[in-house]
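Taken in order, these protein sequences are the chains called W and V.
Following full-length UniProt numbering, the numbering of the first sequence begins with 1 at its first residue and continues without gaps.
Following full-length UniProt numbering, the numbering of the second sequence begins with 1 at its first residue and continues without gaps.
2 protein chains.
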Amino acid sequence: MTPIVTSAVMHFGEMGSRWGFNRTVGQMLALIVLSEKPLAAQEIADALNISRGNTSMGLKELQSWRLIKQQSVPGERKEFFVPAGSIWVLANRVFEERRKREIDPTMSLLRDLMLDNPAHEEDANVQEKLNEIHDLLESVTAWSQELQNLGPEKLATLMKLGSGVGRILELKDRILPAKAQS
Amino acid sequence: MTPIVTSAVMHFGEMGSRWGFNRTVGQMLALIVLSEKPLAAQEIADALNISRGNTSMGLKELQSWRLIKQQSVPGERKEFFVPAGSIWVLANRVFEERRKREIDPTMSLLRDLMLDNPAHEEDANVQEKLNEIHDLLESVTAWSQELQNLGPEKLATLMKLGSGVGRILELKDRILPAKAQS
DNA sequence: CTGAAGTTTCAGAAATTATTGAAAGTTTAG
DNA sequence: CTAAACTTTCAATAATTTCTGAAACTTCAG
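Okay, here's the thing in structure tokens:
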């Protein structure tokens, strides 16, 4: 590993836990993404100085996040690993996976609690608050979906618009009917 | 605590670590948000069955996230705690705080690495990839800023638009000049 | 079928993170 | 100033998470 790669790998390791996986999994991801060629499990273990067993578990986890995929190299017995797609794809996968783990279970619980009939009078207020949280989470997830569907280029266009989005929004009543008309 | 509140508090505890804080901090946040009245530290410790010391640290952390604030109740010696704002405000704070911890350090490192002059030839490719990651993170954070500035009502409007956003985007060249003209 | 090359599993060890509770600190009423 | 009421700190301990490495497993060439 060149010094630059080493820095990046170390950093992704440290950040790993904040991003939802552990140190070694973070390092492994960085290594695989930055590598020019497919990497074998043993190469990864050697580069990062971790046990072969740990490497195997880490690869399994990265696959469960759909961030890497196996690739057979003709003539070679062992399996090699490469990123599951472009940076944009990988970022989307992380988002999606985190949504599944961080938001979906909460939305589900909130829905259930809202259906429970209140056992106490103070529950009315509580349910209202839970409802508010639920709606907010729903909005945010629906929105991030929308952005994902746009793809990176359109996202960039939208970005350049900046606060212009607010302005467009004010105009939408004028625009959309016109569009419907055509 | 009513059964509904208990369920919610427990759930926020379990999710806590995924959201960036630990179990008890998650429980404390839920309790404070769902409570109708300001809560004293001792009440929180009792309700959650945790030590007074742990409570104190948890409150400190919630304050560092700017999710709760202290409130003095006239005639009372002790301090009480209430949410730092509406659900929308709290959600924004969590987003912002997480961005600071999860994205900003990485962007900063990536910028530095991109400035380093490559020691090896294979670094050229690596730097290109790092650059790509950097730009993506930049886009996403700028966008989430934008959404935060819009506020909840406009976000809702935008939401209803759904995939219409894509369509509007196609029209923007027609719209924005018109706007500039007026 | 055999064994070499490779991978996965998992019990225990190591490392990290969270929690307690007692001691030290702070604030205020009197 | 003193003492009661309350809060914070932090060393020790408990709980949790991660990592290792040896054993079990799989695959395939010969």
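Backbone N, C-alpha and C fix where the C-beta goes; we use that ideal spot for every residue, glycine too.
Every value quoted in this text rests on a predicted model; they were computed, and no experiment measured them.
With C-beta atoms as the reference, is residue i less than 8 Å away from residue j?
i, j, result
"V:V33", "V:P83", "yes"
"W:L113", "V:S7", "yes"
"V:A45", "V:M1", "no"
"W:A156", "V:S17", "no"
"W:F12", "W:L29", "yes"
"V:R101", "V:G20", "yes"
"V:I133", "W:I50", "no"
"V:T106", "W:M15", "yes"
"W:I4", "V:D123", "yes"
"W:F95", "W:Q148", "yes"
"W:L161", "W:L150", "no"
"V:N117", "W:E36", "no"
Just grab the DSSP bridge partners of residue i for me.
i, result
"W:L39", "W:F81"
"W:I68", "W:P83"
So, for residue i: in the same chain, excluding its five sequence neighbours on each side, which residues have a beta-carbon less than 7 Å away from its beta-carbon?
i, result
"V:G166", "none"
"W:T141", "R99, I103"
"V:N22", "G16"
"W:H120", "none"
Near residue i, what residues of its chain come up, given a Cβ to Cβ distance below 8 Å and the 5 sequence neighbours on each side ignored?
i, result
"V:S72", "E79, F80"
"W:L59", "M28, A41, I44, I68, F81"
"V:R52", "A41, Q42, A45"
"V:E97", "G20, W65, R66"
"residue 186 of chain W", "Residue coverage of chain W in this structure runs from 1 to 182, which leaves residue 186 of chain W outside it and unanswerable."
"W:N54", "T24, A45"
"V:P152", "W88"
Given a threshold of 16 other Cβ atoms within 10 Å of its Cβ, counted over all protein chains shown, does residue i qualify as buried or as exposed?
i, result
"V:M57", "exposed"
"V:L67", "buried"
"V:S64", "exposed"
"W:L130", "buried"
"W:Q70", "exposed"
"W:L109", "buried"
"V:L62", "buried"
"W:L115", "exposed"
I'd like to confirm something about residue i: is its beta-carbon nearer than 7 Å to some heavy atom of the ligand NAD, or not?
i, result
"W:M107", "The model depicted lacks the ligand NAD and carries no ligand whatsoever."
Going along the chain, which residues of its own chain have a beta-carbon closer than 6 Å to the beta-carbon of residue i, five neighbours each way excluded?
i, result
"W:Q127", "M114"
| field | Meets three-Cβ-pair contact criterion under 8 Å: the segment 80-98 of chain V and the segment 119-139 of chain W | value | yes
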